[in-house]
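Residue numbers (the numbering used here): 3 to 121. Heads up, the beta-carbon is just placed ideally off N, CA and C, and yes, glycines get one too. Comments concern the structure below.
Following this line, the structure appears as structure tokens:
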């Protein structure tokens, strides 16, 4: 049965030179959108750190300021208050998964230990 839904997914690697600007736009486009943060790590296992929580911001700190990626969420949809932040230390790659229409389905951040955080 064909429901007319897109079955295609596209993968896009984001170059490190544009991470800071990319995440500024990503935050603007997705602020308040409920997200899940899934950790996938060979040493500690795979688990959801949070689920269905409104995105507040994603900020990349350049190597001379720490080389971290910080994903912050709020308790309520329109809140300006950060209630939880997850830091990814030394991100090595950023991969976007989108549908046919360019809607971001997930953002995969791989750190220097090959652990992945899926937003």
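Straight across, the Cα-Cα distance linking residue 89 with residue 100 is about 23 Å. Membership of residue 22 in the alpha helix (DSSP H) is indicated by the continuous run 21 to 32. Collapsing the DSSP output to three states places residue 66 in a helix. In this structure, DSSP gives residue 18 a helical state, which the three-state scheme calls helix. For residue 111 against residue 96, the beta-carbon gap comes to about 6 Å, under 8 Å, which counts as contact. With a beta-carbon spacing of about 12 Å, residue 94 and residue 70 fall beyond the 8 Å limit used to define contacts.
A direct Cα-Cα distance of roughly 11 Å separates residue 107 from residue 10. In this structure residue 39 is in contact with residue 52, their Cβ atoms being roughly 5 Å apart against a cut-off of 8 Å.
CA-CA distance, residue 102 to residue 35, rounds to 20 Å.
When secondary structure is reduced to three states using DSSP, residue 53 falls in the strand class. Under the three-state reduction of DSSP, residue 12 is assigned to strand.
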